[in-house]
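*Asks:*
Protein chains: 6
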Amino acid sequence: MIEKLVLTGAGGRLGSYLREPLSKMAEELVSTDLVDDIGTLYAGETYVKADLANYDEVFAALEGADMVVHFGAIVDEAPFEELLGPNFVGAYNVWEAAYQHGAKRVVYASSIHAVGMHAKNECIDTEVAHRPDSFYGLAKCFAEDLGRMYWDKRGLESVHLRILSCAQVTSARALGSWLSYDDLIQLVTRAVDTPTVGFSVVYGVSNNDRSPVDNNKAAFLGYRPKDNAEQFADAILAKEPPADSTDPAQMCHGGPFSAVDLGESGLAQMNIVDDRKKN
Amino acid sequence: MIEKLVLTGAGGRLGSYLREPLSKMAEELVSTDLVDDIGTLYAGETYVKADLANYDEVFAALEGADMVVHFGAIVDEAPFEELLGPNFVGAYNVWEAAYQHGAKRVVYASSIHAVGMHAKNECIDTEVAHRPDSFYGLAKCFAEDLGRMYWDKRGLESVHLRILSCAQVTSARALGSWLSYDDLIQLVTRAVDTPTVGFSVVYGVSNNDRSPVDNNKAAFLGYRPKDNAEQFADAILAKEPPADSTDPAQMCHGGPFSAVDLGESGLAQMNIVDDRKKN
Amino acid sequence: MIEKLVLTGAGGRLGSYLREPLSKMAEELVSTDLVDDIGTLYAGETYVKADLANYDEVFAALEGADMVVHFGAIVDEAPFEELLGPNFVGAYNVWEAAYQHGAKRVVYASSIHAVGMHAKNECIDTEVAHRPDSFYGLAKCFAEDLGRMYWDKRGLESVHLRILSCAQVTSARALGSWLSYDDLIQLVTRAVDTPTVGFSVVYGVSNNDRSPVDNNKAAFLGYRPKDNAEQFADAILAKEPPADSTDPAQMCHGGPFSAVDLGESGLAQMNIVDDRKKN
Amino acid sequence: MIEKLVLTGAGGRLGSYLREPLSKMAEELVSTDLVDDIGTLYAGETYVKADLANYDEVFAALEGADMVVHFGAIVDEAPFEELLGPNFVGAYNVWEAAYQHGAKRVVYASSIHAVGMHAKNECIDTEVAHRPDSFYGLAKCFAEDLGRMYWDKRGLESVHLRILSCAQVTSARALGSWLSYDDLIQLVTRAVDTPTVGFSVVYGVSNNDRSPVDNNKAAFLGYRPKDNAEQFADAILAKEPPADSTDPAQMCHGGPFSAVDLGESGLAQMNIVDDRKKN
Amino acid sequence: MIEKLVLTGAGGRLGSYLREPLSKMAEELVSTDLVDDIGTLYAGETYVKADLANYDEVFAALEGADMVVHFGAIVDEAPFEELLGPNFVGAYNVWEAAYQHGAKRVVYASSIHAVGMHAKNECIDTEVAHRPDSFYGLAKCFAEDLGRMYWDKRGLESVHLRILSCAQVTSARALGSWLSYDDLIQLVTRAVDTPTVGFSVVYGVSNNDRSPVDNNKAAFLGYRPKDNAEQFADAILAKEPPADSTDPAQMCHGGPFSAVDLGESGLAQMNIVDDRKKN
Amino acid sequence: MIEKLVLTGAGGRLGSYLREPLSKMAEELVSTDLVDDIGTLYAGETYVKADLANYDEVFAALEGADMVVHFGAIVDEAPFEELLGPNFVGAYNVWEAAYQHGAKRVVYASSIHAVGMHAKNECIDTEVAHRPDSFYGLAKCFAEDLGRMYWDKRGLESVHLRILSCAQVTSARALGSWLSYDDLIQLVTRAVDTPTVGFSVVYGVSNNDRSPVDNNKAAFLGYRPKDNAEQFADAILAKEPPADSTDPAQMCHGGPFSAVDLGESGLAQMNIVDDRKKN
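Protein chains in written order, with full-length UniProt numbering: chain A, 1 to 279; chain B, 1 to 279; chain C, 1 to 279; chain D, 1 to 279; chain E, 1 to 279; chain F, 1 to 279.
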């Protein structure tokens, strides 16, 4: 049994679902997030408030960790400046602190948006090239490349879960992209309990008839989803507006993210302050 | 003829070589760097001091640009915190400002270090997966993914020149990895004068007998290097110490970068300040 | 719900099975074939007699169509001259008329015979190169290339159903190639109800243990066949004559078509009359 | 030495260049075209007027042929109805008559337009999927699939020369796509003199720096072009209008054909008359 | 029904399981091994003692065989000298004798150890390159290449069953690699009853959630395993020692064989005596 | 400079050409073969008589070797029994003895016949699957797999030179397959002087226009052949008999070996005596 697991983003929507099952997989679960309090704790769970963008706080939260399940991030598209701290630097902080503490593995909530500009009628496997559809997706690409490097150079393992849509099924796209909560839990469980993983990528999607991605190359992880969004197909398709095959939102894996404008950063003042060098 | 070209990193080693040829390819060349002065200017050249990590300065320097030749960066491995501003945020600033000004293309000095952990006895082409060997290489991966996204979402073209070793030939590795200055100039010229490029990647290496990379998939760019480091082979190999096939520096494409430790960031305080949000 | 569907070949063996389910997927189903009458019509169904080789008749039949399910053709190997009208020109007429009427999609009964000369012990996916085994198969290749072009150039979608053997299971080959009628209906249903398909290819085969083709790359269509010819295996294999591994009929995907001679056209007089130019 | 070669399209622009060299490769060269007369004949050459769309005339022209060099066709985009006879049926007539006469091989003038919708910044090799950009290109796809079948089923060899642009260099595209007349002659010579070819595809392009295609997989044919359009680059690029990266004419391999509308066939009356069946 | 089957290694652990089912698939089953006696025979079974390393004995045992199920070998890693007779020369003797007797097919017990040095987080399919992890695995590579040649040159079919671990599940690795006895029997049955197989490779593994190999390319064989080692996962994982991601035994497909030293042959005297030449 | 090189097969046709250049690449060259004497020795060369099939003799000959250039073998097709000693066991003896003596690398004379059953109109690269055309080729497959294992398990490097035809150009096939002696020497030189090679494969063929193989993946070795058999083309092709495209000798990479029967081993008595176990 694992001695100590750390879960980042424990107060978030997906993180909340993971706290209980993860608390049972380790003697000690350290949950962490930006909020002051995440409510009643499970047996074996403790809570540490930490800002992912602050290395010291991340370093402190990860002390003694055997594995980190890293779900903390801004979980929507946002201007690059807003994502830079929590999503980019936050990923670096988690990997670097995990390494410094001798952790064995990072399990990371990556996303379909790392490859969202691929056409949906081209089935993508886990080795397809990065084609981010948003700054949110670009941060996922960054963390995957970071994880690859920490494995190649330092032997720190990572599993990158490219989650499609872990939410209610309300659109035709979700008939393919749905990841049920039960399947999310199975996916994270396998990412944790597989003895060795090296650097691995796997799509987080249920066993939907219309799933548009291919997990064959990650077969050794043993992820076998059980749920299937096809149960919702008749209802969804009956009310779906006519599809437009010139719309990236319909033709690309990233769905709405593939179509949305990247936003305008205007005249943003962005300064990177490296306080270490000031000391 | 191009009306206005911008060259970043104009005061650097490679940038210095590019100023004259680029000044002849456009009516106006704006050179930019961190220093106060880069010496005598070529006909049509002006100099603008700008910090890549500062969006406003980059935005001002790129005003009216048709293309940007982006060579500015810290050009060695360094702690992530040090590279974050110039190499990561700097790349974002260049692409975003180029887009805001309606530029057609960014020509980017990427690097073999974006894929440096691949084994050297496996010839890599321009579609091989990212395997950075350093934070320096990770920044190149980031900029390539960024460029892919700006092309997919916004139609801003980019050519990513994965330069191997543009320096004197002093080691057995350089017999394969050498890029002569003349070939560098040809490479940048082709990246600028090819009418349309979309998103493209090409290795920057001379016509060395021992070149370990494959540019076939970028053939349309018309890069045909002329120089060949084999002229130095006898002298170099005669004094080369015995090779060690367990050493990543010898077995990986990244050479010394593939072997060097990533460095320790210790207890660095890193804060990302987004001043825009403060206003 | 789709307003108007057109089904060609409605009087044929497979077309007959599709009339009822298609009549339920659209407010209006127009069935068409060469015969005068196809019997009792389903609710919402009308019948139009039309010769696929005659553009005017096809144009009239497709008026107002949202989608065309194109199953009309000579459905066996025949001399090229006999197939030219219904199978080649007929395909052109359907795509062109569909485009002229602003239809969104053509669902096409392609065939394994478009790729029938591949060896059966090489599993073929939906991107394998064309290797027709007959003029019949060559017409399928033609229509697939035509469909690719209408999507690339004009945005008219198409799904190409490469049907293996939609008939009773009476041979060892059919243990792998069988497509049950229920699975055929599911396949056509998914080809119609998937919101966007671009240009897609999918094999029409049941969930047979011995299915020799791979639909992974068409996964987004959500075709999940239910039937399995293995139920017939013991009976079939018990009476199967000894196999001959030098016989293309046994070693190739096309089965008997792979072995049959192409036939001799002798001194056929074939004239292509383009009456339009005469006007 | 070959006893009898037949050249179709001998009166066309490319055919005219081939007459002399082909007349030297065989004891007898039969040139054929639609015109009454192609001028002074070379030693060993005879001329036979024949309409490719008429099987009897093709059959007569090919009597005793060892090889057919098939360059006859409408050599521009045209409505499908106009191409059907000479380009589609004509190809069938040539292959079928060649087979009936026991010929060993057809050397065919295919075209880049068979694959013209592929993006030009993706280097295409000789196994890339068909993506025709025009009805003209679709006819080339048809003949390639036909040739594949006659080899697989009947052992009739063919080499498919996908010619890019065998014409004066007057555009930036032609800097990559140019095929000089000398290189055309070398290409056809190798397609004829290589002892066995099976079914093969090779791009017809000179040794241009900017050639966007990859002939590696056809290396055994020994085609090594000598000319290079780069000699025209400065002059061409100086007067080239600004490129538009949203224009298929600039971004696709087919160039202008990739952008041109497919044309409207309107209410064409097209009837296929199979006179054989009437007898 | 098959007239005569020969089973080598009939006295071994796996062979013993196969005797009964194979005896039902043929009118006559000849079981053979090195021992004097394999106990009570099944209906239709006869036993012949034969040394695989002796061609005459193999030739005699295979007289009249329609197929050979070749499971005889030293079934563990051993010095090359010990494996040379039974595993290398034995395979040659079986294929050559099968050919001389006009047999149709050899079904061969190959092994994951033919490809055991591939990393386990890279899913391997049936076309992956040989990377043996032991002399035992090297003998499997030899027999696969031998089988390929006898098919290419002489039309003798073979199916190569790359068995993972057909034994009790006692380690985390076996959760992925387990082949149950029932699934072994199904696998051999399909390898025998499929009418034509040419040269084929298929992995012998149950339907384990964590199966690390991909049989898609052998789909036509119809092997659909039923058992799943996941039933043992909780018990096994609870007592599994911490995994070491630097250990080939944990990171490679071959498991312990991937880590074990090849052994030292020291000053072995090995003489190959070709008695035929002496006569 | 290398201290000690060992060359096996030094008395053979190719070995004889290599003695002088290899004697200059090392302080000491040990040449070895089965004969008593190989004539006048070069400076630094010594001769040791050794039978490759005898481990003790090989072990003695390789004492202190830094590298072994292994060209010794029966260099023609022969019955398996005859090749078993020198070609199979001989390869094992060389690798094992090299490892025991701490050598860095084996440079091995492999052959096109390891992959000779591939069709010649399919260009093969250095990663193509083994398809031996003869027992001679099968021995090359064995040594390549052996070399792969010694690298993976023990870090002993090897370069496998798949020589096509190192002999006078007397047939149309040789126009593509010719390896000149000068190019052979360059090839072996690069295989020796490249600092690290891991496990590598490279085709040994000159820079022939009609070379049918692709060395791109071995580019790092820097082999750039200079000679070109096209100089002999006119003379050869003029007298070449008509080609037969049903003849494996003409259609396969292995040429005559692809067509020759494997020979009949009859009732050969073959016994493998492992004397070590007797002691």
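Glycine included, C-beta positions come from ideal geometry on N, C-alpha and C.
Remember, predicted model here, so these are calculated numbers, not experimental data.
Do C:ARG19 and C:ALA26 have their C-beta atoms within less than 8 Å of each other?
*Replies:* Cβ distance not < 8 Å, so C:ARG19 and C:ALA26 don't count as in contact.
*Asks:* Rounding to the nearest angstrom, what Cα-Cα distance links D:ALA50 and D:ALA61 in this structure?
*Replies:* Approximately 7 Å between the Cα atoms of the pair.
*Asks:* Quick one, are the C-beta atoms of residue 285 of chain E and E:PHE232 less than 8 Å apart?
*Replies:* Only positions 1 to 279 of chain E appear in this structure, which leaves residue 285 of chain E out of reach.
*Asks:* Just to make sure I have the definition right: I need the residues of chain D whose C-beta is within less than 7 Å of the C-beta of F:ASN121. Which are they?
*Replies:* Near F:ASN121 (Cβ distances below 7 Å), the residues of chain D are VAL197, GLY198, SER200, PHE220.
*Asks:* With H, G and I counted as helix, E and B as strand and the rest as coil, what does DSSP make of A:ASP274?
*Replies:* Low local confidence applies: a pLDDT of 42 at A:ASP274 is under 50, so the model's placement there is unreliable, and no value is given.
*Asks:* On the premise that F:VAL107 lies in contact with F:ALA191, defined as a C-beta separation below 8 Å, what is that separation, rounded to the nearest angstrom?
*Replies:* Rounded, the Cβ-Cβ distance is 4 Å, consistent with contact.
*Asks:* In whole angstroms, give me the CA-to-CA distance for D:ASP274 and C:GLU82.
*Replies:* Legend: pLDDT at D:ASP274 = 42, less than 50; position of this residue unreliable, no value from coordinates given.
*Asks:* Sorted by chain position, which residues of the same chain lie with C-beta nearer than 6 Å to B:TYR181's C-beta, five sequence neighbours on each side aside?
*Replies:* Excluding positions up to five away in sequence, the list reads TYR17.
*Asks:* Should the region 100 to 114 of chain D be called in touch with the region 188 to 203 of chain B, which here means at least 3 C-beta pairs below 8 Å?
*Replies:* With a cut-off of 8 Å, the region 188 to 203 of chain B and the region 100 to 114 of chain D do not count as touching, because too few Cβ pairs lie within range.
*Asks:* So, are the CB atoms of E:SER23 and E:ILE112 less than 8 Å apart?
*Replies:* Going by C-beta atoms, E:SER23 is not nearer than 8 Å to E:ILE112.
*Asks:* Consider the Cβ of C:LEU146: report whether some Cβ of chain D lies at a distance smaller than 8 Å.
*Replies:* Yes, its Cβ sits closer than 8 Å to a Cβ of chain D.
*Asks:* What number of angstroms, rounded off, separates the C-alpha of E:GLU144 from the C-alpha of E:VAL205?
*Replies:* For E:GLU144 and E:VAL205, the distance between alpha carbons rounds to 18 Å.
*Asks:* How big is the Cα-Cα spacing for C:ASP214 and A:VAL128?
*Replies:* For C:ASP214 and A:VAL128, the distance between alpha carbons rounds to 19 Å.
*Asks:* What are the uninterrupted segments assigned as alpha helix (DSSP H) that are 4 or more residues long and contained completely in the region 136 to 224 of chain A, given in chain order?
*Replies:* Counting whole runs of 4 or more residues, the region 136 to 224 of chain A contains the alpha helix (DSSP H) stretches 172 to 177, 181 to 193.
*Asks:* In three-state DSSP terms, what is A:SER245?
*Replies:* It is coil, neither helix nor strand.
*Asks:* Straight-line CA distance for D:LEU187 to D:PRO225?
*Replies:* C-alpha separation (whole angstroms): 8 Å.
*Asks:* Can you tell me where the beta strand (DSSP E) holding E:VAL58 begins and where it ends?
*Replies:* No beta strand (DSSP E) holds E:VAL58; the alpha helix (DSSP H) holding it covers 55 to 61.
*Asks:* Do the region 123 to 141 of chain A and the region 132 to 151 of chain B touch if we need at least three Cβ pairs shorter than 8 Å?
*Replies:* A contact exists between the region 123 to 141 of chain A and the region 132 to 151 of chain B.
*Asks:* Please check the pair D:GLY254 and D:GLY116, which I expect to be a contact at CB under 8 Å, by giving their CB distance rounded to whole angstroms.
*Replies:* About 2 Å; that satisfies the 8 Å criterion.
*Asks:* Should B:GLY155 be flagged as near chain G, meaning a C-beta pair shorter than 8 Å?
*Replies:* No chain G is present in this structure, whose protein chains are A, B, C, D, E and F.
*Asks:* Between which two residues does the beta strand (DSSP E) holding B:ASP33 run?
*Replies:* Element bounds for B:ASP33: 26 to 33.
*Asks:* At a cut of 8 Å, does the region 82 to 97 of chain E reach the region 75 to 91 of chain F through at least three beta carbon pairs?
*Replies:* Because the criterion of three Cβ pairs below 8 Å is met, the region 82 to 97 of chain E and the region 75 to 91 of chain F touch.
*Asks:* Taking C-beta pairs closer than 7 Å, name the residues in chain A that B:LEU34 reaches, listed in chain order.
*Replies:* Result: empty, since nearest Cβ-Cβ is about 14 Å, beyond 7 Å.
*Asks:* For A:VAL69, which of A:VAL48, A:VAL159, A:ILE236, A:ASP209 has the nearest alpha-carbon?
*Replies:* Measuring from the Cα of A:VAL69, the nearest candidate turns out to be A:VAL159.
*Asks:* Could you spell out where the alpha helix (DSSP H) holding F:ILE236 opens and where it closes?
*Replies:* Unbroken alpha helix (DSSP H) run through F:ILE236: 233 to 239.
*Asks:* Residues in the same chain with beta-carbon distance under 6 Å from A:ARG210, minus the five sequence neighbours each way, listed in chain order, please.
*Replies:* Cβ within range, chain order: LEU175, GLY176.
*Asks:* Looking only at C-alpha atoms, which of B:SER165, B:GLU230, B:ASN216, B:LYS153 sits nearest to A:ASP261?
*Replies:* Ranking the options by Cα distance to A:ASP261, first place goes to B:LYS153.
*Asks:* Applying the 10 Å Cβ sphere with the 16-neighbour rule, what's the burial state of F:LYS4?
*Replies:* Result: buried.
*Asks:* Taking 8 Å as the threshold (C-beta atoms), are F:SER245 and D:GLY64 in contact?
*Replies:* Their beta carbons are not under 8 Å apart, which means D:GLY64 does not touch F:SER245 by this criterion.
*Asks:* Given B:ASN208, which residues of its chain have a CB within under 7 Å of its CB, disregarding the five upstream and five downstream residues?
*Replies:* Result list for B:ASN208: LEU175, GLY176, TRP178, ASN228, ALA229, GLU230, in chain order.
*Asks:* In this structure, does DSSP put A:HIS113 in helix, strand or coil?
*Replies:* Helix, per DSSP.
*Asks:* Report buried or exposed for F:ASP194, applying the criterion of at least 16 other Cβ atoms within 10 angstroms of its Cβ.
*Replies:* A small fix is needed here, since residue 194 of chain F is Thr in this sequence, not Asp. That one is buried.
*Asks:* Taking the alpha helix (DSSP H) that F:GLU82 belongs to, which residues open and close that run?
*Replies:* Here the alpha helix (DSSP H) through F:GLU82 covers 80 to 83.
*Asks:* Report the three-state DSSP secondary structure of D:TYR42 (helix, strand or coil).
*Replies:* DSSP places D:TYR42 in coil when its eight states are reduced to three.
*Asks:* Taking the alpha-carbon of F:ASP234 as reference, which of F:GLN250, F:GLU28, F:ALA172 has the nearest alpha-carbon?
*Replies:* Of the listed residues, the one whose Cα sits closest to F:ASP234 is F:ALA172.
*Asks:* How far does the beta strand (DSSP E) with residue 283 of chain A in it extend, from its first residue to its last?
*Replies:* In the structure as shown, chain A starts at 1 and stops at 279, and residue 283 of chain A therefore has no counterpart that could be examined.
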